[in-house]
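**Q** In my numbering, the protein residues as written are 1075 to 1227. Glycine residues also receive a C-beta, built at the ideal position from the N, C-alpha and C atoms.
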């Protein structure tokens, strides 16, 4: 296995600390909370991600244009790519997301893939809610999911 050097940048936003992680060319992950024992990198991809997230949180950006390279299974990548097609300010159900990938009876598997999204906010898994309108889960916590949905109203 080839080891890839990773670069980190801590970003403080209105939802708390986020850690942006890159392979130097693409954004591969956003973690909620700071990653300790790392040095902030000034890699252009990380600086651009920080800039675009800042614009998003100020309601100056609705669409991200960051090169992404999330790591996951083929099924997860299919789900995450479909998440990118949910417009700013809109929500869909897990069942609807399953239908959109051609697997209408796979809402539970879609929910699991959604929960493993390594690039939250930019790959907008927060825009998926339960069929009954309740939030479901969110890696950053339901308070953060609610904040993001309110921000996009």
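Taking 8 Å as the cut-off, does the stretch 1170-1185 touch the stretch 1125-1135 (at least 3 CB pairs, one atom from each stretch)?
**A** Counting Cβ pairs under 8 Å, fewer than three are found: no touch.
**Q** For the candidate residues 1080, 1226 and 1110, whose alpha-carbon lies nearest to that of residue 1098?
**A** Here residue 1098 is taken as the residue at index 24 of the chain shown, counted from 1. Looking at the Cα atoms, 1080 is the closest of the given residues.
**Q** How far does the beta strand (DSSP E) with residue 1225 in it reach, from first residue to last?
**A** For the purposes of this step, residue 1225 is taken as the residue at position 151 of the chain shown. No beta strand (DSSP E) holds residue 1225; the alpha helix (DSSP H) holding it covers 1216-1225.
**Q** May I ask you to list the residues that DSSP assigns as paired with residue 1083?
**A** As a working mapping, residue 1083 is identified with position 9 in the chain shown. Answer is 1094.
**Q** Specify whether the stretch 1145-1156 and the stretch 1108-1126 touch according to this definition: at least 3 beta carbon pairs, one from each stretch, less than 8 Å apart.
**A** no
**Q** To the nearest angstrom, how far is it from the Cα of residue 1206 to the Cα of residue 1085?
**A** As a position in the chain shown, residue 1206 is number 132, starting the count at 1. As a position in the chain shown, residue 1085 is number 11, starting the count at 1. Each residue's alpha carbon lies about 34 Å from the other.
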